[in-house]
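Quick mapping for you: the protein sequence lines, in order, are chains V and R. Here the first sequence stands for residues 1 to 78, where the numbers follow this note's numbering. Here the second sequence stands for residues 79 to 333, where the numbers follow this note's numbering.
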Amino acid sequence: MEGDVVQMGAYIGAGLACTGMGGAAVGVGHVVGNYLSGALRNPSAAGGQTATMFIGIAFSEALGIFSFLVALLLMFAV
Amino acid sequence: MSSEATGAEHAAEEGGLVFHPMDQFIVKPLFGDTIAWYTPTNVTLWMGFSILAIIALLVLSTSKRAIVPSRAQSIAELAYGFIYKMVEDVAGKDGVKYFPYIMTLFMFIVCANFLGLLPMSFTTTSHIAVTAVMAMAVFLTVTILGFYLNGFGFLNIFWIRQAPLVLRPILALIEIISYFVRPISHSIRLAGNMMAGHAVIKVFAGFAAIAAIAPVSIAAISAIYALEVLVSFIQAYVFAILTCVYLKDALHPHH
């Protein structure tokens with residue numbers, strides 16, 4: 001046995017933090033899927049909304065990146 | 079996935095080409111061993127390369143001003159027109175004044191991201207220190223500009239008038255928190271995406287040392303590399319477009 005309980009907890013926590021990426025994946029997929037279904041209903045309006053879609057992707061992706069950050073902090077900073 | 083994980087362990091036991099996937103992000107001085115604030119490091123070198131790339135693309139290629147543009151000139155013109163239209167669409171007509179700043183940010187990030195995709199290169203934008211400086215600059219610019227242009231009317235962005243009066247204090251609290259999280263998410267999004275993508279490529283490169291699964295992992299590297307080219311561009315675009323969104327808040331704080 002090497003290491004200690006704190007290190008074990010940090011590693012388990014880092015692994016658990018990765019589940020947050022799944023949430024971000026659901027969010028990004030939701031944004032793009034809804035954009036696509038809207039775009040197929042009204043293709044002429046789709047071009048103007050691409051920027052909005054990317055803003056939505058960026059905001060929902062940021063939360064997934066936060067979970068990645070938590071994992072990194074647990075791995076290297078705690 | 080599990081077979082690949084055991085493959086990595088086998089490689090480690092057999093003493094094949096094993097390296098840590100995060101090794102590529104270590105800052106090394108170009109000469110000597112000590113690092114002080116003035117030491118030229120690989121970060122300095124690759125930042126210099128990205129600035130040279132911007133100069134080559136935007137200055138040298140457009141110096142002839144050909145009516146029928148060359149390939150390099152049309153790329154420069156496309157990039158200029160693309161960002162100009164984005165600023166105009168998102169930040170409005172009066173946001174066009176700040177177009178040079180956003181163009182600078184976009185070109186620097188996109189060149190640094192693309193140069194970081196070269197083998198043996200160093201991705202400057204994968205370091206939070208680099209992106210945090212850019213994000214803090216945007217945050218401070220937007221905040222100071224908002225107070226300069228609107229006075230204390232800038233605080234209207236926290237007080238949403240469309241909402242019912244009961245909800246407004248709660249919404250104000252949420253808005254204030256989200257306002258101050260902006261520089262963090264703005265910088266970590268770019269650094270995190272770059273770091274994660276490059277680390278994934280290096281992980282698969284480690285698998286390529288094992289003869290049995292080498293073809294699979296080389297195919298995977300090619301696919302992920304193509305994805306990374308796309309991500310490099312999209313992240314630079316997202317950084318620029320979010321700067322425009324924040325700028326719009328400063329220019330028009332009334333929702």
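All C-beta atoms, glycine included, are put in the ideal place defined by N, C-alpha and C.
- Taking 9 Å as the upper bound on Cβ-Cβ separation, chain V lies near no residue of the stretch 138 to 152 of chain R.
- C-alpha of R:Ile132 to C-alpha of R:Ala150: approximately 12 Å in a straight line.
- DSSP, read as helix, strand or coil, puts R:Thr202 in helix.
- When CB distances to chain V are screened at a threshold of 8 Å, the residues of the stretch 297 to 318 of chain R falling below it are Ile312, Tyr315 and Val316, in chain order.
- Between the alpha carbons of R:Lys326 and R:Met164 lies a distance of about 12 Å.
- Here R:Tyr116 is exposed: its Cβ has fewer than 16 other Cβ atoms, across all protein chains shown, within 10 Å.
- In the pairwise beta carbon analysis, the stretch 53 to 66 of chain V is classified as touching the stretch 8 to 27 of chain V: at least three pairs are separated by under 8 Å.
- Counted as a single uninterrupted DSSP element, the alpha helix (DSSP H) harbouring R:Thr182 occupies residues Phe177 to Gly194.
- The C-beta of R:Ser204 comes no closer than 9 Å to any C-beta of chain V.
- The residue from R:Tyr226, R:Glu253, R:Leu218 and R:Tyr303 with its alpha-carbon nearest to that of R:Ile235 is R:Glu253.
- Using a C-beta cut-off of 8 Å, the stretch 304 to 318 of chain R makes contact with the stretch 267 to 284 of chain R, since at least three inter-stretch Cβ pairs fall below that distance.
- For R:Phe317, the closest alpha carbon among the candidates R:Ile145, R:Phe258 and R:Ile161 is that of R:Ile161.
- Interface annotation for the stretch 238 to 263 of chain R against chain V: Ser263, criterion Cβ-Cβ distance under 7 Å.
- Rounded to the nearest angstrom, the Cβ distance from R:Phe184 to R:Ala286 is 34 Å, too far for a contact under 8 Å.
- Residues Trp124, Phe127, Ser128, Ala131 and Ser199 of the same chain have their beta carbon placed closer than 7 Å to that of R:Leu193, with the five preceding and five following residues left out of the count.
- When Cβ-Cβ separations below 9 Å define contact, R:Met164 makes contact with chain V.
- Fewer than three Cβ pairs drawn from the stretch 211 to 228 of chain R and the stretch 240 to 248 of chain R lie within less than 8 Å of each other, which leaves the two stretches out of contact.
- Under the DSSP assignment, R:Gly126 falls in the alpha helix (DSSP H) whose first and last residues are Asn120 to Ile133.
- The three-state secondary structure of R:Pro107, taken from DSSP, is strand.
- Separation of R:Leu223 and R:Ile319 (C-alpha to C-alpha, rounded to the nearest whole angstrom) is 18 Å.
- Under the Cβ distance rule, V:Ala77 does not count among the residues neighbouring chain R, no pair being separated by less than 9 Å.
- The beta carbon of V:Met53 is closer than 6 Å to those of Tyr35 in its chain, skipping five residues each way along the sequence.
- A Cβ-Cβ distance of about 5 Å is found for the pair R:Arg267 and V:Ile65, placing them in contact under the 8 Å criterion.
- Within chain R, no residue has its CB atom less than 9 Å from the CB of V:Ala17, the nearest being about 13 Å off.
- Contact with chain V is absent for R:Gly170, since none of that chain's Cβ atoms lies less than 9 Å from the residue's Cβ.
- In the three-state DSSP reduction, V:Ala77 falls in the coil class, being neither helix nor strand.
- Among the residues facing chain V, R:Gly275 is not included, as its CB has no counterpart in that chain under 9 Å away.
- R:Gly284 counts as buried, since no fewer than 16 other beta carbons sit within 10 angstroms of its beta carbon.
- By the neighbour-count criterion, in which 16 or more other beta carbons inside 10 Å mark a residue as buried, V:Met8 falls on the exposed side.
- Put simply, the backbone Cα of V:Gly13 is about 21 Å away from that of R:Ser263.
- Between R:Met100 and R:Ala298, the CB-CB gap reaches or exceeds 9 Å.
- Beyond the five residues adjoining it in sequence on each side, V:Val28 comes within less than 7 Å, by CB distance, of Ile57, Ser60 and Glu61 in the same chain, given in chain order.
- A residue is called buried when at least 16 other Cβ atoms come within 10 angstroms of its Cβ; R:Ile113 does not meet this threshold and is exposed.
- Per DSSP, R:Asp101 lies in no alpha helix (DSSP H) and is assigned neither H nor E.
- In the three-state DSSP reduction, R:Val146 falls in the coil class, being neither helix nor strand.
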